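S.K.: Here's a structure for you.
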Amino acid sequence: MIWNTDFAISILPKLLKGLLITLQATAGGTLLALVLGLVLALSARSGSVLLARSAYGVTELLRRTPLLVHLYLLFFALPEIGIVLPRLTAGILALGLHTGSYMAAVYQSGIDAVPKGQWEAAQALGYSRFDKWTRIILPQAIPMMIPSLGNYVLLMFKESAILSVIAVPEAMQTAMSIGNQTYRYFEAVTVVGLLYLAISLPVAAALRALETRLAVTRQ
Amino acid sequence: MTLESIQSGSVWIDGKPLWHEVRGDQLHPASEKYLHERRRRLGMVFQSFNLFPHLTVLENITQPQRLNFKRPRRDAEDRAMELLEMVGLAHKARAWPEELSGGQKQRVAIARTLGMDPEILLFDEITSALDPELVDEVLNVLRRLSERPDLTMLLVTHEMSFAREFSDRVIFMESGKIIEDAPPERLFVNPAQERTRQFLRKILPHTR
Amino acid sequence: MEKFLSYVPLLIEGLKVTLAIFTCALVVATLFAIVAGTVRFSGPKWLSRPVAALVEFFRGTSCFVQLFWCFYALPLFGLTLTPFMTSVIVLGLNVGSFGSEVVRGALEAVPKGQIEAARALNYSPLKSFLHILMPQAMRIAIRPAANLMVDLLKLTPLTSLVTVNELTRNAMVMRNQTGSTLGTLLCIFAVYFLLSSLIYFVMNRLEVHFIHRKAVRAASTRVAA
Numbered sequence: 024m025i026w027n028t029d030f031a032i033s034i035l036p037k038l039l040k041g042l043l044i045t046l047q048a049t050a051g052g053t054l055l056a057l058v059l060g061l062v063l064a065l066s067a068r069s070g071s072v073l074l075a076r077s078a079y080g081v082t083e084l085l086r087r088t089p090l091l092v093h094l095y096l097l098f099f100a101l102p103e104i105g106i107v108l109p110r111l112t113a114g115i116l117a118l119g120l121h122t123g124s125y126m127a128a129v130y131q132s133g134i135d136a137v138p139k140g141q142w143e144a145a146q147a148l149g150y151s152r153f154d155k156w157t158r159i160i161l162p163q164a165i166p167m168m169i170p171s172l173g174n175y176v177l178l179m180f181k182e183s184a185i186l187s188v189i190a191v192p193e194a195m196q197t198a199m200s201i202g203n204q205t206y207r208y209f210e211a212v213t214v215v216g217l218l219y220l221a222i223s224l225p226v227a228a229a230l231r232a233l234e235t236r237l238a239v240t241r242q
Numbered sequence: 234m235t236l237e238s239i240q241s242g243s244v245w246i247d248g249k250p251l252w253h254e255v256r257g258d259q260l261h262p263a264s265e266k267y268l269h270e271r272r273r274r275l276g277m278v279f280q281s282f283n284l285f286p287h288l289t290v291l292e293n294i295t296q297p298q299r300l301n302f303k304r305p306r307r308d309a310e311d312r313a314m315e316l317l318e319m320v321g322l323a324h325k326a327r328a329w330p331e332e333l334s335g336g337q338k339q340r341v342a343i344a345r346t347l348g349m350d351p352e353i354l355l356f357d358e359i360t361s362a363l364d365p366e367l368v369d370e371v372l373n374v375l376r377r378l379s380e381r382p383d384l385t386m387l388l389v390t391h392e393m394s395f396a397r398e399f400s401d402r403v404i405f406m407e408s409g410k411i412i413e414d415a416p417p418e419r420l421f422v423n424p425a426q427e428r429t430r431q432f433l434r435k436i437l438p439h440t441r
Numbered sequence: 025m026e027k028f029l030s031y032v033p034l035l036i037e038g039l040k041v042t043l044a045i046f047t048c049a050l051v052v053a054t055l056f057a058i059v060a061g062t063v064r065f066s067g068p069k070w071l072s073r074p075v076a077a078l079v080e081f082f083r084g085t086s087c088f089v090q091l092f093w094c095f096y097a098l099p100l101f102g103l104t105l106t107p108f109m110t111s112v113i114v115l116g117l118n119v120g121s122f123g124s125e126v127v128r129g130a131l132e133a134v135p136k137g138q139i140e141a142a143r144a145l146n147y148s149p150l151k152s153f154l155h156i157l158m159p160q161a162m163r164i165a166i167r168p169a170a171n172l173m174v175d176l177l178k179l180t181p182l183t184s185l186v187t188v189n190e191l192t193r194n195a196m197v198m199r200n201q202t203g204s205t206l207g208t209l210l211c212i213f214a215v216y217f218l219l220s221s222l223i224y225f226v227m228n229r230l231e232v233h234f235i236h237r238k239a240v241r242a243a244s245t246r247v248a249a
């Protein structure tokens with residue numbers, strides 16, 4: 024038969040274990056992406072032409088090339104020059120770099136959205152550069168960015184399935200290995216797909232609701 | 234028009250209802266097809282011009298004629314150039330709407346509506362969004378239109394002097410109700426209603 | 025070095041396949057985006073609800089999972105397609121789903137006054153949609169569409185995992201044969217970068233042509249995410 028419900032239920036514990044690794048990878052990648060995105064965004068706005076151009080260059084190099092190639096480069100190519108990364112680390116790096124480049128654009132537009140008057144007021148009131156950013160600009164910019172940043176985190180969560188190609192034991196890899204052992208790929212891939220949906224749909228809905236609320240309070 | 238819909242009552246044009254069909258001596262809500270036919274005689278110019286930005290000035294005037302009246306391209310273009318001459322913008326035929334000033338856009342909008350040969354023209358505060366300096370050029374076009382015997386013009390406006398000089402009939406409304414309906418020589422000089430007097434006192438400092 | 029060069033034809037073969045998948049999937053994606061986006065914008069509930077569900081499905085899971093699911097599941101239902109066809113359909117529907125949101129947003133972004141003017145000028149609902157609403161929506165959609173096209177290109181390597189012999193897969197074969205991983209991968213990294221940049225370049229020219237505004241040229245170097 025095509026679909027065996029008992030089998031599908033029996034593999035759930037294994038898949039959930041894999042999902043745990045998925046969440047780990049997503050968490051690590053998110054941290055990296057948030058930091059990298061901010062660094063790239065701030066560098067792109069810097070007065071130093073060299074820094075700004077470099078930031079732009081790095082961002083575009085990351086954004087215009089596929090995640091799979093990043094992953095292969097980090098895991099298969101780096102050993103050639105002596106850097107050997109553990110699987111999960113390579114995976115987190117790839118996810119973080121890739122998504123970080125998208126987040127840079129979110130940071131940029133969030134910072135641009137802070138009214139010009141805030142900058143002028145901070146200047147006029149004698150705030151130091153550091154304080155201006157940490158007390159005036161970022162506190163206003165960040166809440167607006169949360170829905171977009173959240174969406175990219177969600178995207179990363181889904182894209183983490185790609186880590187299975189370097190044998191990271193996350194959800195998809197677990198499903199494939201179950202399939203390889205039992206030849207029942209259909210249940211494995213369907214259940215893992217449902218697990219992804221079970222998490223991504225509510226989170227997406229919550230982000231949409233958050234976005235609506237923020238748009239209202241902005242009025 | 235079906236830009237709005239009516240909640241009650243009926244609208245009559247030339248002895249025939251707009252929103253209803255007459256069957257026997259009963260009024261029935263009109264079908265889409267009937268409405269579409271009836272609407273052909275109406276034209277409307279908007280406060281925000283609503284020119285089609287993806288078409289040139291000439292195309293803005295010719296496309297509705299060609300698509301909706303099935304006029305051949307040549308005829309539509311001739312008519313369009315005629316109308317552009319009338320509003321003083323023939324030299325802008327190949328321009329894009331975004332290149333025009335507000336007054337020019339409104340004049341093109343008027344030409345566009347006239348291209349559909351309407352018998353009744355509705356003008357919804359067409360000068361309210363314009364720079365004061367650009368209002369005159371639009372009013373000049375309206376002035377010329379008001380001399381045509383075949384055109385009925387319905388203007389919603391704040392331009393008191395224009396209303397006074399060129400209208401046959403003025404209706405003063407508030408909160409959806411008609412306060413007064415009279416020829417301009419009466420309404421502006423010796424209004425019957427107190428509310429009208431109040432309004433005019435504030436708007437026209439020289440009126441009693 | 026010689027060994028490296030002797031495998032270049034293999035990469036070119038792979039590139040051809042990548043471009044073939046990209047082009048076919050782009051057609052599928054564009055059609056689906058326009059149809060689904062229009063239905064969700066102004067279609068009847070009985071049609072827009074199932075379409076919305078389909079779109080949410082494709083947006084809710086990764087393309088990787090969708091590819092594998094279709095690859096393994098479809099044959100069980102009697103649908104045997106080549107890996108190429110499966111890839112084209114999955115990639116097309118995946119990107120098309122994101123595209124349908126772009127189309128819907130673009131349709132909603134056209135000022136309501138345009139529709140009012142069209143109705144006042146006696147355009148039928150269909151004619152308003154085709155001649156006034158759609159042309160303006162498509163212009164609004166050019167930038168997001170460019171980003172989605174690059175996303176589509178970046179999805180093509182995933183098809184190597186369902187046995188399609190495109191560029192990345194051939195590069196990995198080449199890497200096995202020549203032992204040069206870094207060189208090969210950097211090579212295809214550059215190819216993808218150039219292809220993406222080409223897409224942005226073409227779409228920017230398109231935008232300038234259709235929007236005929238000089239200001240667009242200045243802003244066009246930075247295409248937002």
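Residue numbers (the numbering used here), protein chains in the order written: chain A, 24 to 242; chain B, 234 to 441; chain C, 25 to 249. Glycine included, every Cβ here is placed at the ideal spot set by N, Cα and C. Source: prediction; values computed, not measured.
For the alpha helix (DSSP H) holding A/His93, just list the boundary residues, first then last.
M.R.: Along the first sequence, one-based indexing puts residue 93 of chain A at 70. Where A/His93 is concerned, the enclosing alpha helix (DSSP H) stretches over Leu90 to Tyr95.
S.K.: Would you check if the stretch 100-118 of chain A and the stretch 143-162 of chain A touch, i.e. whether three or more CB-CB distances between them fall below 8 Å?
M.R.: Contact between the stretch 143-162 of chain A and the stretch 100-118 of chain A is absent, because fewer than three Cβ pairs lie under 8 Å.
S.K.: Could you spell out the range, first to last residue, of the beta strand (DSSP E) harbouring B/Gly276?
M.R.: As a first step, residue 276 of chain B is located in the second sequence; it is residue number 43 there, counting from the start. Per DSSP, B/Gly276 belongs to the beta strand (DSSP E) from Leu275 to Val278.
S.K.: So C/Ile156 packs on C/Ala133, CB below 8 Å; how close in whole Å?
M.R.: Position 132 of the third sequence, counted from the start, is the residue given in the question as residue 156 of chain C. Position 109 of the third sequence, counted from the start, is the residue given in the question as residue 133 of chain C. Their Cβ separation, rounded to whole angstroms, is 14 Å, which puts C/Ile156 and C/Ala133 out of contact at 8 Å.
S.K.: Note down, in chain order, every chain C residue with its Cβ under 8 Å from the Cβ of B/Leu300.
M.R.: As a first step, residue 300 of chain B must be located in the second sequence, where it is residue number 67. Ordered by position in chain C, the residues that pass the 8 Å Cβ test against B/Leu300 are Tyr147, Lys151 and His155.
S.K.: Would you report the Cα separation of B/Leu333 and B/Val290, rounded to the nearest angstrom?
M.R.: In the second sequence, residue 333 of chain B corresponds to position 100, counting from 1. In the second sequence, residue 290 of chain B corresponds to position 57, counting from 1. Near 9 Å, if we compare the C-alpha coordinates of B/Val290 and B/Leu333.
S.K.: Since A/Ala184 meets chain C, which of its residues come closer than 8 Å, beta carbon to beta carbon?
M.R.: The sequence position of residue 184 of chain A within the first sequence is 161, counting from 1. Ordered by position in chain C, the residues that pass the 8 Å Cβ test against A/Ala184 are Ser86, Phe88 and Val89.
S.K.: Can you give me the Cβ contacts of A/Ser69 inside the same chain, cut-off strictly under 6 Å, excluding the 5 residues immediately before and after it?
M.R.: For this step, residue 69 of chain A is matched to residue 46 along the first sequence. If we look at A/Ser69 and ignore the five residues flanking it on each side, its Cβ neighbours are Ala75.
S.K.: Could you run through the stretch 124-137 of chain C and flag, in chain order, every residue whose CB is less than 7 Å away from some CB of chain B?
M.R.: Those would be Gly137, in chain order.
S.K.: If you measure from the beta carbon of B/Arg274 to each beta carbon in chain C, is any gap under 7 Å?
M.R.: For the purposes of this step, residue 274 of chain B is taken as residue 41 along the second sequence, with counting starting at 1. No, its Cβ sits nowhere closer than 7 Å to a Cβ of chain C.
S.K.: Do three or more CB pairs link the stretch 140-155 of chain C to the stretch 171-178 of chain C at distances below 8 Å?
M.R.: Not touching, per the Cβ criterion.
S.K.: Going by DSSP in three states, B/Asp446 sits in which element: helix, strand or coil?
M.R.: Residue 446 of chain B cannot be examined here, being either before or after the span of chain B that is shown, 234 to 441.
S.K.: Could you tell me whether the Cβ of B/Asn283 comes closer than 7 Å to any Cβ of chain C?
M.R.: By 1-based counting over the second sequence, the position of residue 283 of chain B is 50. Closer than 7 Å: yes.
S.K.: Short of 6 Å in beta carbon distance, which residues of its chain neighbour C/Leu179, apart from the five on each side in sequence? Order them along the chain.
M.R.: Counting from one through the third sequence, the residue named residue 179 of chain C turns up at place 155. Taken in chain order, the residues that qualify are Cys87 and Leu115.
S.K.: Just the Cα atoms here: how many angstroms apart are B/His324 and B/Met277?
M.R.: Locating residue 324 of chain B in the second sequence gives position 91, where the first residue counts as 1. Locating residue 277 of chain B in the second sequence gives position 44, where the first residue counts as 1. Taking the straight line from one Cα to the other gives about 24 Å.
S.K.: Is there at least one Cβ from chain B nearer than 7 Å to C/Ala214's Cβ?
M.R.: As a working mapping, residue 214 of chain C is identified with position 190 in the third sequence. By this cut-off, C/Ala214 is not an interface position.
S.K.: Identify each residue in the stretch 322-349 of chain B for which the Cβ-Cβ distance to at least one residue of chain C is less than 9 Å, and report them in chain order.
M.R.: Within the stretch 322-349 of chain B, the qualifying residues are Trp329, Glu331, Ala342, Arg345, Thr346, Gly348 and Met349.
S.K.: Suppose you measure from the CA of C/Gly84 to the CA of A/Tyr206; what does that come to, to the nearest Å?
M.R.: Here residue 84 of chain C corresponds to residue number 60 of the third sequence, with the count starting at 1. Here residue 206 of chain A corresponds to residue number 183 of the first sequence, with the count starting at 1. Each residue's Cα considered, the two are about 26 Å apart.
S.K.: Considering B/Glu254, what are the terminal residues of the alpha helix (DSSP H) in which it resides?
M.R.: Here the question's residue 254 of chain B lines up with position 21 in the second sequence. Counting along the chain, B/Glu254 falls outside any alpha helix (DSSP H), though it belongs to the beta strand (DSSP E) covering His253 to Arg256.
S.K.: In terms of residues, what are the limits of the beta strand (DSSP E) holding B/Met406?
M.R.: Working through the second sequence from its first residue, we reach residue 406 of chain B at position 173. Unbroken beta strand (DSSP E) run through B/Met406: Val403 to Glu407.
S.K.: Examine the Cβ distances between the stretch 155-168 of chain A and the stretch 58-67 of chain C and report whether three or more of them are shorter than 8 Å.
M.R.: Segments in contact, no.
S.K.: In this structure, how does DSSP classify A/Pro170 when only helix, strand and coil are distinguished?
M.R.: Here residue 170 of chain A is taken as the residue at index 147 of the first sequence, counted from 1. If DSSP states are grouped into helix, strand and coil, A/Pro170 belongs with the helices.
S.K.: Could you give the residue range of the beta strand (DSSP E) that holds B/Leu387?
M.R.: To locate residue 387 of chain B, count along the second sequence from 1; it is residue 154. From DSSP, the beta strand (DSSP E) with B/Leu387 extends over Thr385 to Val389.
S.K.: In the structure shown, what three-state DSSP assignment does B/Lys410 receive?
M.R.: Position 177 of the second sequence, counting from 1, holds the residue named residue 410 of chain B. Strand.
S.K.: How would you list, in chain order, the residues of chain A whose beta-carbon sits under 9 Å from the beta-carbon of C/Ser220?
M.R.: As a first step, residue 220 of chain C is located in the third sequence; it is residue number 196 there, counting from the start. Under the 9 Å cutoff, chain A gives Glu83, Arg86, Arg87 and Thr88.
S.K.: Could you tell me which residues DSSP puts in a beta bridge with C/Trp70?
M.R.: Translated into the one-based positions of the third sequence, residue 70 of chain C becomes position 46. None; C/Trp70 has no bridge partner.
S.K.: For a test of the three-state rule: what should DSSP assign to C/Val240, helix, strand or coil?
M.R.: Indexing the third sequence from 1 puts residue 240 of chain C at position 216. Per-residue confidence for C/Val240 stands at a pLDDT of 44, beneath the threshold of 50, marking its modelled position as unreliable; no derived number is given.
S.K.: Chain C partners of B/Gln296, CB-CB under 8 Å?
M.R.: Counting from one through the second sequence, the residue named residue 296 of chain B turns up at place 63. Here the neighbours are His155.
S.K.: On the premise that B/Ala326 lies in contact with B/Leu317, defined as a C-beta separation below 8 Å, what is that separation, rounded to the nearest angstrom?
M.R.: In the second sequence, counting from the first residue as 1, residue 317 of chain B sits at position 84. In the second sequence, counting from the first residue as 1, residue 326 of chain B sits at position 93. So it is a contact: roughly 6 Å between Cβ atoms.
S.K.: Between C/Ala249 and the rest of its own chain, which residues show a CB-CB distance below 8 Å, the 5 nearest in sequence each way excluded?
M.R.: By 1-based counting over the third sequence, the position of residue 249 of chain C is 225. Caution is warranted here: a pLDDT of 36 is assigned to C/Ala249, below 50, making its placement in the model unreliable, and the coordinate value is therefore given only provisionally. Asn171.
S.K.: Can you tell me where the alpha helix (DSSP H) holding C/His155 begins and where it ends?
M.R.: Along the third sequence, read from residue 1 onward, the residue named residue 155 of chain C stands at position 131. Counting along the chain, C/His155 falls outside any alpha helix (DSSP H), and DSSP gives it neither H nor E.
S.K.: Just to confirm the assignment, what range does the beta strand (DSSP E) spanning B/Pro262 have?
M.R.: The residue you call residue 262 of chain B lines up with position 29 of the second sequence. It spans Gln259 to Pro262 - the beta strand (DSSP E) in which B/Pro262 sits, taken as one unbroken run.
S.K.: Residues in its own chain within less than 7 Å of A/Tyr79 by CB, not counting five upstream and five downstream?
M.R.: Here residue 79 of chain A refers to the residue found at position 56 when the first sequence is read from its first residue. Here the set comprises Ala67.
S.K.: Anything in chain B within Cβ reach of C/Gln160, meaning under 9 Å, just list it in chain order.
M.R.: For the purposes of this step, residue 160 of chain C is taken as the residue at position 136 of the third sequence. Simply Phe285, Pro286 and His287.
S.K.: Go to A/Ile104, then tell me how far its alpha helix (DSSP H) extends in each direction, as first and last residue.
M.R.: By one-based count along the first sequence, residue 104 of chain A stands at place 81. No alpha helix (DSSP H) holds A/Ile104; DSSP gives it neither H nor E.
S.K.: Exposed or buried, B/Thr346, counting other C-beta atoms within 10 Å across all chains shown (16 or more means buried)?
M.R.: On the second sequence, position 113 is the one that residue 346 of chain B refers to. With 16 or more Cβ atoms within 10 Å of its Cβ, B/Thr346 is classed as buried.
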